[in-house]
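Colleague:
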Amino acid sequence: MRDLHAKKQRVPHNRVKKPPKERKPINWAPILKFASRGVGGAALCAGLGFGGWQLYDLVSRMTLLRLEAIEVSPLKRVSREEVVTLAGVRPGDSMLKVDLKTVVARLSKNPWLEQVQVRRFFPHTLSITVSERTPKAVANVGCLYYLDEKGVLFKSLVEGDRLDYPLITGFTEEDLAQDPKGSQDALKNALALIDTLKKGGVFSLDDISEIHYSKGYGFTLFTMQGGVPVKVGNGGFSEKLTRLAGIYKELQPQMQALDYIDLDYADKIIVKKV
3 MRDLHAKKQR VPHNRVKKPP KERKPINWAP ILKFASRGVG GAALCAGLGF GGWQLYDLVS
63 RMTLLRLEAI EVSPLKRVSR EEVVTLAGVR PGDSMLKVDL KTVVARLSKN PWLEQVQVRR
123 FFPHTLSITV SERTPKAVAN VGCLYYLDEK GVLFKSLVEG DRLDYPLITG FTEEDLAQDP
183 KGSQDALKNA LALIDTLKKG GVFSLDDISE IHYSKGYGFT LFTMQGGVPV KVGNGGFSEK
243 LTRLAGIYKE LQPQMQALDY IDLDYADKII VKKV
């Protein structure tokens, strides 16, 4: 029998069933077309890359592109054979496989070589152009170094190196490390002093055994005769040495009796006897 007491379920007014949306079918054609283009492009790039590498390898093996001539600019201190050996190239090498940057890096390890330029001239020539450093003095900084015209210490001396250069003392490795710019400026001043001494007639570089530098004072020269200190300080070297030249001939017979000569004044010379 029917239950007359059963409650009727009411459907809320706000819960109205919406008709289902109509789904459009996916058009796979453009997606597949784009994907096929990407795969094709990648395959083409890979093929071209592999083919290019094979072509490069084939060309680099050709006899027509083999190194035959190595030209080296004229040098005074480094021989042509040393340059070629250090460059690491030899006749018969592939012109395309010679790495110019590597050759420059190898040659730059030689302290005598300041500037290096390496060029290829196809089909058979490699040109090496270098400029050498010129020592202007020997500096004692704990060990002996050559000093070039730019005030750069570029090579430590070894057995067989020439020592017939002006000797500069007073610099230390600690000075160079802690104050590189100040030390280089002082070394340049030492070179300026050497140039002034070279121009001297009566009192010149030949009369000097040592050029000593003191950070607090400046430069002091030591004479070849008697080892007398000649104080010149910093700057004004030409005027100071010119004044000394005026009386140096008179002082020469007395050099053994002199304690020092002080030129570091604007208008006078102090000569102190022992």
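Residues in the sequence shown are numbered from 3 upward in steps of one, following my numbering. Beta carbons are placed, not taken as given, at the ideal position from N, Cα and C, and that holds for glycine. Just so we're clear, the structure is a prediction, and the values are computed from it rather than from any experiment.
Output the distance between the C-alpha atoms of Ser206 and Ala188, rounded to the nearest integer angstrom.
Modeller: For the purposes of this step, residue 206 is taken as residue 204 along the sequence shown, with counting starting at 1. For the purposes of this step, residue 188 is taken as residue 186 along the sequence shown, with counting starting at 1. Going from the Cα of Ser206 to the Cα of Ala188 covers about 21 Å.
Colleague: If I measure Cβ to Cβ from Phe239 and keep anything under 7 Å in the same chain, skipping five residues before and after, which residues do I get?
Modeller: Working through the sequence shown from its first residue, we reach residue 239 at position 237. Ala194, Leu195, Thr198, listed in sequence order.
Colleague: Mind checking which residues open and close the alpha helix (DSSP H) that includes Tyr250?
Modeller: As a working note, residue 250 is residue 248 in the sequence shown. Residues 239-253.
Colleague: Need the endpoints of the alpha helix (DSSP H) that Gln186 sits in, please.
Modeller: Residue 186 sits at position 184 when you count from the first residue of the sequence shown. 182-200 is the span of the alpha helix (DSSP H), which, as asked, contains Gln186.
Colleague: Is Val204 helix, strand or coil by DSSP?
Modeller: Within the sequence shown, numbered from 1, the residue matching residue 204 stands at position 202. Three-state result, Val204: coil.
Colleague: Run through the DSSP bridge pairs and tell me what Pro137 is partnered with.
Modeller: The sequence position of residue 137 within the sequence shown is 135, counting from 1. Answer is Asp150.
Colleague: Rounded to the nearest angstrom, what separates Glu116 and Phe173 at their Cα positions?
Modeller: Taking the first residue of the sequence shown as 1, we reach residue 116 at position 114. Taking the first residue of the sequence shown as 1, we reach residue 173 at position 171. Approximately 23 Å, taken between the alpha carbons.
Colleague: Out of Ile130, Gly228, Leu243, Leu246, state which residue places its alpha-carbon closest to the alpha-carbon of Val276.
Modeller: Here residue 276 refers to the residue found at position 274 of the sequence shown. Ranking the options by Cα distance to Val276, first place goes to Gly228.
Colleague: Exposed or buried, Gly203, counting other C-beta atoms within 10 Å across all chains shown (16 or more means buried)?
Modeller: Numbered from its first residue, the sequence shown carries residue 203 at position 201. So Gly203 counts as exposed.
Colleague: I'd like to know whether the C-beta atoms of Tyr262 and Lys233 end up nearer to each other than 8 Å.
Modeller: Start at 1 with the first residue of the sequence shown, and residue 262 comes out as number 260. Start at 1 with the first residue of the sequence shown, and residue 233 comes out as number 231. A contact, by the Cβ cut-off of 8 Å.
Colleague: Under the rule that 16 or more other beta-carbon atoms within 10 Å means buried, what is Gly94, buried or exposed?
Modeller: For the purposes of this step, residue 94 is identified with residue 92 of the sequence shown, where counting begins at 1. Exposed, since its Cβ has fewer than 16 Cβ neighbours within 10 Å.
Colleague: Which stretch, first to last residue, makes up the alpha helix (DSSP H) that contains Glu84?
Modeller: Here the question's residue 84 lines up with position 82 in the sequence shown. It spans 82-89 - the alpha helix (DSSP H) in which Glu84 sits, taken as one unbroken run.
Colleague: For Gly153, count neighbouring Cβ atoms within 10 angstroms of its own Cβ and tell me buried if that reaches 16, exposed if not.
Modeller: Stepping through the sequence shown from its first residue, residue 153 is reached at position 151. So Gly153 ends up on the buried side.
Colleague: Looking only at its own chain, which residues have a Cβ that is under 6 Å from the Cβ of Val118, when we skip the five neighbours before and after it?
Modeller: As a working mapping, residue 118 is identified with position 116 in the sequence shown. So the list reads Val106, Leu109, Ser110, Val132, once near-sequence residues are dropped.
Colleague: Rounded to a whole number of angstroms, what is the C-alpha to C-alpha distance between Gly218 and Val80?
Modeller: Against the sequence shown, residue 218 aligns to sequence position 216. Against the sequence shown, residue 80 aligns to sequence position 78. Near 39 Å, if we compare the C-alpha coordinates of Val80 and Gly218.
Colleague: What three-state label does DSSP hand Thr222 in the structure shown?
Modeller: Residue mapping note: residue 222 aligns to position 220 of the sequence shown, counting from 1. Of the three classes helix, strand and coil, the one that applies to Thr222 here is strand, per DSSP.
Colleague: Within 10 angstroms of the Cβ of Tyr58, are there 16 or more other Cβ atoms? Answer buried if so, exposed if not.
Modeller: Taking the first residue of the sequence shown as 1, we reach residue 58 at position 56. Bear in mind that the predicted position of Tyr58 carries a pLDDT of just 46, short of 50, making it too unreliable to give a figure here.
Colleague: If you follow the alpha helix (DSSP H) that Arg108 is part of, which residue opens it and which one closes it?
Modeller: Here residue 108 is taken as the residue at index 106 of the sequence shown, counted from 1. Run containing Arg108: 102-109, per the alpha helix (DSSP H) assignment.
Colleague: Grab the span of the beta strand (DSSP E) containing Phe124 for me, first residue to last.
Modeller: On the sequence shown, residue 124 is found 122 positions in, with the first residue counted as 1. Unbroken run through Phe124: none, as it is neither H nor E.
Colleague: In this structure, how does DSSP classify Gln227 when only helix, strand and coil are distinguished?
Modeller: By 1-based counting over the sequence shown, the position of residue 227 is 225. Looking at Gln227 - three-state DSSP - the assignment turns out to be coil, as it is neither helix nor strand.
Colleague: If we call anything under 8 Å between Cβ atoms a contact, is Ile130 one with Ser96?
Modeller: On the sequence shown, position 128 is the one that residue 130 refers to. On the sequence shown, position 94 is the one that residue 96 refers to. No, the pair does not count as a contact, with Cβ atoms beyond the cut-off.
Colleague: What residues in its chain sit with their C-beta under 7 Å from that of Asp270, if we drop five residues either side in the sequence?
Modeller: As a working mapping, residue 270 is identified with position 268 in the sequence shown. In the sequence as presented, Asp is not what sits at residue 270; that position holds Lys. So the list is empty, once near-sequence residues are dropped.
Colleague: Would DSSP call Leu178 helix, strand or coil?
Modeller: One-based indexing of the sequence shown puts residue 178 at position 176. Here Leu178 sits in helix by DSSP.
Colleague: Three-state secondary structure (DSSP) at Leu165?
Modeller: Position 163 of the sequence shown, counted from the start, is the residue given in the question as residue 165. The answer is coil: DSSP assigns Leu165 none of H, G, I, E or B.
Colleague: For Cys145, collect the residues of the same chain with a Cβ closer than 7 Å to its Cβ; drop the 5 residues on either side in sequence, then sort them by chain order.
Modeller: Here residue 145 refers to the residue found at position 143 of the sequence shown. Ser158.
Colleague: Taking DSSP as the reference, what is the three-state secondary structure of Tyr69?
Modeller: Locating residue 69 in the sequence shown gives position 67, where the first residue counts as 1. First, the residue type needs correcting, since residue 69 is Leu and not Tyr in the sequence shown. DSSP places Leu69 in coil when its eight states are reduced to three.
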